[in-house]
Structures are given as C-alpha cells and as structure tokens.
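The structure under discussion appears below in the form of structure tokens.
Residue numbers (my numbering): 637 to 1071.
Now the structure itself:
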C-alpha cells in the first residue's frame, strides 16, 4: 500500500500535526474516508496517491484509530487543513466531471473529478474516481494544471487551479460546490425525486421484525440512487435540513400506517425516523408531529424519533419542553449513534428518553477490536442501568450478534438481517414474515 507523504527532499515540520481520531467527531473523518474507499475513490496527497481500494483491505482488519493518524497526517499536514477537509472535502454525491489526463509515460486516462471548491491555501488534495479502469500512480498530477501533462478536456470542461499554491482542481463547465449541491437537493425535494427505504430492526430471540427505520434516498438524474449518508455532510442550511426532515416524517408516517399487523392481532412494527437537531429547533416541532400523526392516522406509540447524540450537549429549555411534550403524546425518543461522543453520557437522564442505539462503528468493531468490545459492553450496561432499551445498529456477523445477545442486547439491526428495502418491498417482507 502506498501511503501518501511529502515529496522527496521536502522539509518536514518539527512537530507534524497528527489527527487524533481516538474519540469524538474526528473519528467520522476516517470513517467517511472508508466510505469513499467503498466507492472506489482515491485521494492524492502531494505527489503520492493513496490507492484507497487496496488500503481498505489492509486497514479494515485493524484498529482505524491506530492506522488513521499515520496515513491521514500525511494528507492533512496541518490542523487547519484537517478541519477544512472534515468540513468540506469528505463529501460524497456531488456532481462529477469527466476529464482526460495525459500520463507522464504517454497515453491518456479518463478520470472523474469530484469537485470541492473553497479549500484553504496550503491544502494539497484532489479526489478522483477511476472511470472504468483501476487508477495508477500519476507522478505529475501535482504539476501546474496548465502544463503539457494535462491534456485536452472532455467537451467544454476546463481545469484550473482552485487557489494559488494548491493542487485542488475543479471543472468549470458546470456549477460545482456545496451551493449548487444544496440547490439540486431543493429541486429534488420540490420535484419528487426523493424516496424512502426501510431498514428492518429484529428482536433476535424471537426473530420478529419489530421496527423499520426510514432512510432517505435521493434519485439523482446523473448519479442514480444516493443514500442519505452520502450527502448528509453537504447540508448546511438549517431551513433545508428542517424541510427534508419534515418530508421524511410525513412520508414515513403515511407508509407506516399501511404496514400489516402481526399474528393474533399484534400491533404492526414500530416506525423509526431520524430527526435532526435543526428540525427540533425549527418552529413548534411537537405540534408538527401531532398534526402528522393525526393526518396519517398513525398511533403515537408506533412512532420512534431517533435523535443525534449531540443533542445531549444542547442546553435549551425550549428543546427540553419539545421533547417532554412529544413523550407525553406517547412518541418514543431514542438517542442514535450512542457512544460516539463520550462527554454526553452524564446527560442521558436530562431528557425523556426510552432507548439508545449503539454507534454502528463500535458494533462493527466487535470481533475485531477489543477496545470496541469493551466500549460496547460498558455502553450497554450503563444504558440498561439507567432503564433504557439498548439497540445495536450495524450488526454484520453471527459472532457480533452472539456477543450483543450475551449483553442482553437483543434488538439488532444491520446487514446480517437484510438490506434496506423500498416501501413496497418492505411491506411484502412484513406480509411474508406473518404468514
């Protein structure tokens, strides 16, 4: 595996910046990198290319917190660059532009450029995706984009340096960047290009499908079906976030009302919907939920709202009142991705919560990382002590399932129990399960 670094002979700082990914939101940067790996993307740093596909095979079997600092520090030599990348670069789903690059040894290669403009000076990074062929090391990629090593462009695309001194390239034949991305998402919302899939949640002792989680998908005209996780990081406008959340809540409740009941008159599965903090703080959210339940005729106790763990760090009397009102209505409240932000644990009892859902990145570490196993065990035990139900997300293997069951965590979700399904397929799976 080629780990990116500085060019030969380049001076190294006396104390190079090494991102600490051991806890908190910083871990999400490397996990976002792994998601880019899954898409076949590669990342360049200085004159070197990290072939992320081969890196995945090497890294996924190890503790990412030990590996990430060494590899990412070469890509992000300063804290400023690291924070800027966390905020802007590791975003998937933006528009791509085909370009043709002349290789130093002769010949050409088509590449897709994923544009992320407005990077700060000094950040030497470019994200590329191979167009049909496996990428190779391009030693001249960091050269001036106007030099002979960068050949003719596809159609009317033009390459230029984003900022003097950087090696970030972008196509200019079409709108690029986060503003254009949000504009496209608003258009998708207005034109009906959004849809929902549902991920089953299973009670492992009985095998019963007890809930379905609504997952947002964007049917992009060029990029196909894009999961929410691929464009979540590009959302900056609180009003757009609230609008998207309201659409998901309304649509999910309409679908959930149609889910069939279980045998012997058992209530249909519970519907879980993710809610952003911006959504909770936008207007009278409790009243919005009440109207949605009334219009969809969905029983309040069948709705569970999954809240970002960061909400525990929010000191807001109005937020507390909103959550108290929702709980009094019969709506269940749960904390999602529990364990990602350790500082918020002591605040769990501040809000009327019924459940916590373990961070899937921790769950995926079970069977591979003793530290992850210890954290999962501690989290599950602490939540149970506080009288909260414990859900596990991201379960991939039988060994992980058995480990969690031994902790009395029987409510599980993940690839082991099936992929997310569109609304119609999810209903069919429910009907099959009760036959």
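Idealized CB from N, CA, C, for every residue including glycine.
Just so we're clear, the structure is a prediction, and the values are computed from it rather than from any experiment.
- Judged by their CB atoms, residue 989 and residue 970 are nearer to each other than the 8 Å cut-off.
- Nearest C-alpha to residue 823 among 841, 847, 880 and 864: 880.
- Sorting 876, 946 and 925 by C-alpha distance to the C-alpha of residue 962 places 925 at the top.
- The C-beta separation of residue 996 from residue 967 comes to about 23 Å, leaving the pair out of contact by the 8 Å criterion.
- Taking each of 943, 916, 844 and 932 in turn and checking the Cα distance to residue 891, the smallest one comes out for 932.
- Checking the DSSP bridge columns, you'll see residue 1057 partnered with 834.
- Partner residues in the beta bridge of residue 850, as assigned by DSSP, are 834 and 909.
- Here residue 1066 is not near residue 857, since their CB atoms are 8 Å or more apart.
- For residue 840 and residue 848, the gap between their C-alpha atoms comes out near 15 Å.
- Judged by DSSP in its simplified three-state form, residue 967 adopts coil rather than helix or strand.
- Secondary structure of residue 873 (DSSP, three-state): coil.
- Going by C-alpha positions, residue 901 is about 44 Å away from residue 818.
- With contact defined as three or more Cβ pairs closer than 8 Å, the stretch 943-960 and the stretch 1001-1011 are not in contact.
- Counting only residues of its own chain and dropping the five nearest sequence neighbours on each side, residue 899 has a CB closer than 8 Å to the CB of 1070.
- Residue pairing from DSSP places residue 844 in a beta bridge opposite 839.
- Contact check for residue 975 against residue 998 passes: the beta carbons are separated by less than 8 Å.
- Exclusion of the five residues before and after residue 1046 leaves 839, 840 and 841 as the residues of its chain whose Cβ lies within less than 7 Å of its Cβ.
- Scanning 965, 1044, 843 and 1064 for the CA closest to the CA of residue 1014 turns up 1044.
- For residue 1031, the secondary structure class from DSSP, reduced to helix, strand or coil, is coil.
- Just measuring C-alpha positions, the residue of 861, 1064, 1000 and 863 sitting nearest residue 1052 is 1000.
- In the structure shown, residue 858 falls within a coil segment according to DSSP collapsed to helix, strand and coil.
- Residue 1059 has its alpha-carbon roughly 15 Å from the corresponding atom of residue 855.
- Across the structure, residue 949 and residue 859 are spaced so that their CA atoms are roughly 36 Å apart.
- The beta carbons of residue 1024 and residue 1002 sit about 20 Å from each other, so the pair does not count as a contact at 8 Å.
- Nearest to residue 1040 by alpha-carbon distance, out of 914, 1028 and 825, is 1028.
- The DSSP-derived three-state label of residue 1022 is coil.
- Within the same chain, 986 and 987 come within 8 Å of residue 956 by CB-CB distance, once the 5 residues on both sides are set aside.
- It is roughly 28 Å from the alpha-carbon of residue 836 to the alpha-carbon of residue 826.
- In this structure, residue 851 keeps its C-beta atom at 8 Å or more from the C-beta atom of residue 830.
- Residue pairing by DSSP places residue 942 opposite 910 and 970 in a beta bridge.
- Between residue 878 and residue 912, the alpha-carbon positions lie close to 7 Å from each other.
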